[in-house]
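See structure below.
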Amino acid sequence: LLQQNSSVFDLPSALPLEVQNDPLSAERYYYSMFMASRATNYTYTTLAFIFDDGSGVSFYRWSEDIVAFVSRMRYNWPQGNMSIVEKHLYVANSTETFTGLDQAAHHVDIDARFSAYSSGKVIAGANPKGMWYAPQMTDLAGNIAFSVPAVKPLYNTSNQFVGFVLAAQPFTAISEFLMNVKVTSGTEAFAVMFDGSVIGSTHATPYFTIQPASASAPVRTGCASTADTRYDHTRQVFHGCRVLARHFSAYPPLQAAAEDDAFLFSKAAVQVVDAGGE
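In terms of this note's numbering, the sequence shown opens at residue -15 and continues consecutively.
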């Protein structure tokens, strides 16, 4: 169905009405995402196909042991009367069991093209092969967290933009990876983005803050808002802010290294710094 959409029709909403209304169409979307998520052992925060008419399918982690799939097929613009198939899967101890939380189909007046989608669409024009997107704040089933998305634009055979493929990893996954890099108890490892902000750390001191905020509050540089990724506009908005490596006073060696741009932006380098004897 995905191949059919990109080669014959511009968007899923351009499919014949009988196809859009067929429950099997949403099930096919769901099954495609189920297989993709299963192949990656459900490790991502989010996987999604988001089409430019608001339809598509997504996977996200509902809780530590439960993942959710949402398939959006029919989208009658501009009313937003979209059919949704939502399924919840219990994944723990190498088992996969569907829970009783499944919702076979319901209609809600939402648009999957959240604020960050619109910004990504503008950037995608210069990055047709894919790109890392700025870290985002998400509120998935009350789990408020930072994640790092990678997105790839989708185009039809007429080279018209039709949507995105998106995969996002949480900051916690980066920190867990770094924990496996530590070679001694005295070693600290950090992941730093090109803008100088920390996105992963083995240090006990937190490298970001999360605070409730009003939906209209401006988002400061280095910060992100759940308002950019939410579907439900009645939910509380949260802002998360990351610390710059050069401001991470809990570990002076990182601050010293972060002041050396030649080191930070080199492809491969080792720098030994003396920061107060550390």
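Even glycine gets a Cβ: it sits at the ideal position worked out from N, Cα and C. Remember, predicted model here, so these are calculated numbers, not experimental data.
{"Query": "Rounded C-alpha distance that separates Ile158 from Ile34", "Result": "25 angstroms"}
{"Query": "Residue(s) in a DSSP beta bridge with Gly224", "Result": "Ile194 and Ala208"}
{"Query": "Where the beta strand (DSSP E) through Ser42 begins and ends", "Result": "Gly40 to Arg45"}
{"Query": "Nearest residue (CA-CA) to Ser169, options Ala188, Asn25 and Gly184", "Result": "Ala188"}
{"Query": "Closest by C-alpha distance to Gly40, when choosing among Pro196, Ser198, Thr213 and Ser(-3)", "Result": "Ser(-3)"}
{"Query": "For Val54, the nearest candidate out of Pro196, Glu48 and His72 (CA to CA)", "Result": "His72"}
{"Query": "Under 8 angstroms between C-beta atoms of Pro196 and Phe155", "Result": "no"}
{"Query": "Element boundaries [beta strand (DSSP E), containing Phe249]", "Result": "Note, Phe249: premise wrong, no beta strand (DSSP E); not H, not E."}
{"Query": "Those residues which DSSP pairs with Lys71 across a bridge", "Result": "Phe53"}
{"Query": "Residue burial classification, Arg56 (beta-carbon count within 10 angstroms, cutoff 16)", "Result": "buried"}
{"Query": "Buried/exposed call for Arg219, threshold 16 Cβ in 10 Å", "Result": "exposed"}
{"Query": "Straight-line gap, Tyr14 to Thr30 (C-alpha atoms, nearest Å)", "Result": "14 angstroms"}
{"Query": "Pro237 - containing beta strand (DSSP E), residue span", "Result": "No beta strand (DSSP E) contains Pro237, which is instead part of the alpha helix (DSSP H) from Pro236 to Ala242."}
{"Query": "Span of the alpha helix (DSSP H) around Ser156", "Result": "One point to set straight first is that residue 156 is Thr, not Ser, in the sequence displayed. Note, Thr156: alpha helix (DSSP H), Phe155 to Met163."}
{"Query": "Rounded straight-line distance, which links the Cα of Phe178 to that of Ala23", "Result": "30 angstroms"}
{"Query": "Environment of Thr193 [buried if 16+ CB atoms lie within 10 Å]", "Result": "exposed"}
{"Query": "Segment contact, 8 angstroms Cβ cut-off, at least three pairs: the segment 116 to 127 with the segment 139 to 146", "Result": "no"}
{"Query": "Gln153 classed as buried or exposed, judged by whether at least 16 other C-beta atoms fall within 10 angstroms", "Result": "buried"}
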